[in-house]
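Last residue of the sequence shown: number 706 in our numbering, and the count goes up by one each step with no gaps.
The structure under discussion appears below in the form of structure tokens.
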Amino acid sequence: MTLGLLIGALAGSLLATHSHADDWAQWRGHQRDGISRESGLLKEWPKEGPKLVWHVKDLGAGYSSPVVAGQELFILANEGLENEYVRALSVTDGKTIWTTKLGPVGEPKQQPAYPASRSSATVEGDAVYVMSSDGEVANLDRKTGKARWQKNVRKDFGGQYGKWAYAESPLVDGEKLVCTPGGPDATLVAFNKNTGAVIWKAAVPGGDKAGYASIVISKAGGVKQYVQFVEKGVVGIEAETGKFLWRHDRPAQGSPANIPTPIVHDDYVFVASNRGGGGLIRLVKEGDTFKVEPVYHSSKVPSAIGGAVKVGNELYGAAGNSLLCLDFLKGDVKWEDRSIGAASLLFANGHLYLRGENGEVALVEATPQGYQEKGRFAPPEPPNRGNSKAWAYPALANGRLYVRELGSLWCYDVKGGSVAPK
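Next comes the structure, spelled out in structure tokens:
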């Protein structure tokens, strides 16, 4: 083999085992912040919405959000209370490639009663990493769905979750897979992603149960750390050792549902809950520990289930039935709009993609100048959701927008042309 062919083969191998820049291969995208790097997307939608590429109606129940890597989409779902599973689908036509059972649905008698899959998969290389609502954590072969290793963090680590079981999407960071069993012995745990061996267990003072958020990475004060919203507050854990660094409890006060994933930027962390309100804190390194300095706290900040995105100096997200735009560092409300109500969201190409809890999908220009809607539609033939809402977050990958509601999944072309997955 010539040197040129060898380099080409190696490059092809690398591309085959790593996510493309336009993929959405984990919870909330590349950096877990709801920000897409894509460009060239439609800046306005037709009255009927963007072109529907395909619609699948038999996913199974659940609120898990889709993730996309290359030509495959991965999603968790369940049939009844004894069968929660991961499913791989082709992004070309939505057809099933494989299905792997994980175990039963967690906390089947939960009240209010929404027992179902919740977490998103994390795709890296030839592996799909998942965490079920009952705490089954697994490394699955991307091609076949076969488990390389699997553990139950509730049983194996004395894990403790809240009334709605586990909802976390596992973090893959280097050689580690990190998740939140909850409880006094292993509030957070880091596994070797390839073998499942325990690297460290982090015991948070207070022994918090798991919340419903997912871990994000901060490098505040020059220290790489995992930031997580647990039962009683938001905490920081040193990435290398699992050492507890700091905590901030105010956003969790009075809240049984610590759901939105924190937003990290430089030395700042934004975190909020529906009942506890929220705001911005600054992490100040003091020797081997950190001091938490509150910047602002308010009930009028993005605090709904659908999370928030930071775009430039602004923060966008829902509180109650209003979409808000805030000054990220000051907390000042720049505008408020109730057109679509509570929604989950992502950002791409200058626009917010909103998935309303009422089932609608909207395109809104991301500007502090005011709410400027560029299109809205309702996906056809939605399932009967009963008392639940459209809680699954949207995903955007390679010019396609994916929207899930219970057993239905819609794929839309938002690039306005023939979109071929990479």
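Note that the Cβ used here is the ideal one computed from N, Cα and C, for glycine as well.
Treat the numbers as computed from the prediction; the structure is a model and nothing was measured.
Taking only three categories from DSSP, how would you classify residue i?
i	result
residue 289	Residue placement at residue 289 is flagged as unreliable, the pLDDT there being 36, under the threshold of 50; a coordinate-derived value is accordingly withheld.
residue 460	strand
residue 514	coil
residue 440	helix
residue 698	coil
residue 578	strand
residue 355	coil
residue 297	Summary for residue 297: the model assigns pLDDT 38, below 50, so the residue's position carries little reliability; its value from the coordinates is reported in the next sentence. Correct three-state label for residue 297: helix.
residue 413	strand
residue 675	coil
residue 543	coil
residue 680	strand
residue 302	Note on residue 302: pLDDT 46, under 50, position unreliable in the model; the coordinate value appears next. Residue state, collapsed to three classes: coil.
residue 395	coil
residue 790	Look at the range of the chain in this structure, 285 to 706, and you will see that residue 790 is not part of it.
residue 656	strand
residue 338	strand
residue 704	At residue 704, the pLDDT of 44 sits below 50, so the modelled position is not reliable and the matter cannot be decided from this model.
residue 573	strand
residue 648	strand
residue 662	coil
residue 329	coil
Where DSSP assigns a beta bridge to residue i, which residues make up the other side?
i	result
residue 385	369
residue 435	421
residue 362	345, 368
residue 692	689
residue 308	352
residue 549	552
residue 455	462
residue 563	555, 581
residue 408	411
residue 380	373
Using 8 angstroms for Cβ pairs, my map puts residue i next to residue j. What's the rounded Cβ distance?
i	j	result
residue 606	residue 556	Not confirmed; about 14 angstroms, so no contact.
residue 249	residue 689	Examination of residue 249 is not possible in this model, given that the chain is present from 285 through 706 alone.
residue 349	residue 676	5 angstroms
residue 421	residue 437	6 angstroms
residue 386	residue 370	6 angstroms
residue 442	residue 515	Wrong, their Cβ atoms sit about 15 angstroms apart, outside the cutoff.
residue 343	residue 685	The Cβ separation is near 17 angstroms, so there is no contact.
residue 404	residue 346	Not a contact, Cβ separation roughly 11 angstroms.
residue 526	residue 472	7 angstroms
residue 536	residue 496	So it is not a contact: roughly 12 angstroms between Cβ atoms.
residue 450	residue 390	6 angstroms
residue 700	residue 326	5 angstroms
residue 513	residue 546	6 angstroms
residue 551	residue 505	6 angstroms
residue 532	residue 576	5 angstroms
Could you tell me which of the options sits nearest to residue i, measuring between CA atoms?
i	options	result
residue 630	649, 615, 613, 617	649
residue 585	567, 634, 640, 558	558
residue 658	322, 334, 315	334
residue 409	491, 459, 698, 392	459
residue 478	549, 550, 462, 506	462
residue 481	688, 432, 499	432
residue 393	434, 446, 412, 384	446
residue 489	517, 507, 508	517
residue 331	671, 667, 663	663
residue 632	552, 470, 324	324
residue 483	685, 457, 388	457
residue 598	612, 604, 591, 531	612
residue 566	548, 501, 399	548
residue 430	594, 453, 382	382
residue 582	691, 530, 560, 435	560
residue 428	384, 468, 407, 453	384
residue 519	638, 574, 635	574
residue 412	498, 453, 642, 312	453
residue 592	554, 571, 359, 653	554
residue 614	590, 312, 578, 699	578
residue 642	444, 673, 628	673
residue 309	511, 681, 687	681
residue 321	696, 683, 695	683
residue 464	434, 354, 498	498
- Which full runs of the beta strand (DSSP E) of 3+ residues lie inside the region 462–539, going along the chain? 472–476, 482–486, 500–502, 509–513, 518–522, 528–532
- Whole beta strand (DSSP E) elements within the region 584–643, 3-residue minimum: 592–595, 598–603, 606–611, 617–621, 627–632, 635–640
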